[in-house]
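Structure (structure tokens):
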């Protein structure tokens, strides 16, 4: 009996947002003009003390964002500053279900395993790890700290720890 796993749209979301950090201290108009060269659909410059010289850039799709990510990452320092770029986390609203949906899922889990939901959750986690290199690195560090077997080879039954 074969089962098909649910379709996950995490990586093909409509809008993909990058966060660009360490921008030079220039007027907002100049920063907007600079970032438009990378195909930005929308630009939001952050003016807080916690994130000075940073901006969120929206792209219409994941492919366009990935292209911009590569171009921005390969830039030489601008005015002596190396510009950094990262994928921004999806908005809080898309990651967290509303309270009633969470309660329903919790009740389903209490009554038995919700395998379809668990598979979808695992696929979303896997997609996030594949999309964000820093998350991938952190997961490897965590696995090492927990003395879990490295994920670079085949999975053997005796190598999977019991929880």
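In the UniProt record's numbering, the protein residues as written are 1 to 163.
Glycine is no exception: its CB is placed at the ideal position from the N, C-alpha and C atoms.
These numbers were taken from a predicted model, which means no experiment stands behind them.
Legend entry - Contact set for residue 23: own chain, Cβ-Cβ below 7 Å, skip 5 residues either direction: Walking along the chain shown from the start, residue 23 turns up at place 23. Only 31, 53, 54, 55, 83 meet the Cβ criterion.
Inset, instruction - Could you tell me if the beta carbon of residue 152 falls within a distance shorter than 8 Å of some heavy atom in the ligand MG? - result: Absence of the ligand MG from the depicted structure is noted, as is the absence of any ligand whatsoever, leaving it without description.
Inset, instruction - With DSSP collapsed to three states, give me the class of residue 15. - result: Position 15 of the chain shown, counted from the start, is the residue given in the question as residue 15. Correct three-state label for residue 15: coil.
Inset, instruction - Classify residue 86 as helix, strand or coil using the three-state DSSP reduction. - result: What you label residue 86 is simply residue 86 of the chain shown in a count that begins at 1. The answer is strand: DSSP assigns residue 86 an E or B state.
Legend entry - Where residue 34 falls: helix, strand or coil (DSSP): Here residue 34 is taken as the residue at index 34 of the chain shown, counted from 1. If DSSP states are grouped into helix, strand and coil, residue 34 belongs with the helices.
Legend entry - Beta-carbon proximity check, residue 18 vs residue 69, cutoff 9 Å: In the chain shown, residue 18 corresponds to position 18, counting from 1. In the chain shown, residue 69 corresponds to position 69, counting from 1. It is a contact, given that the beta carbons lie within the stated cut-off.
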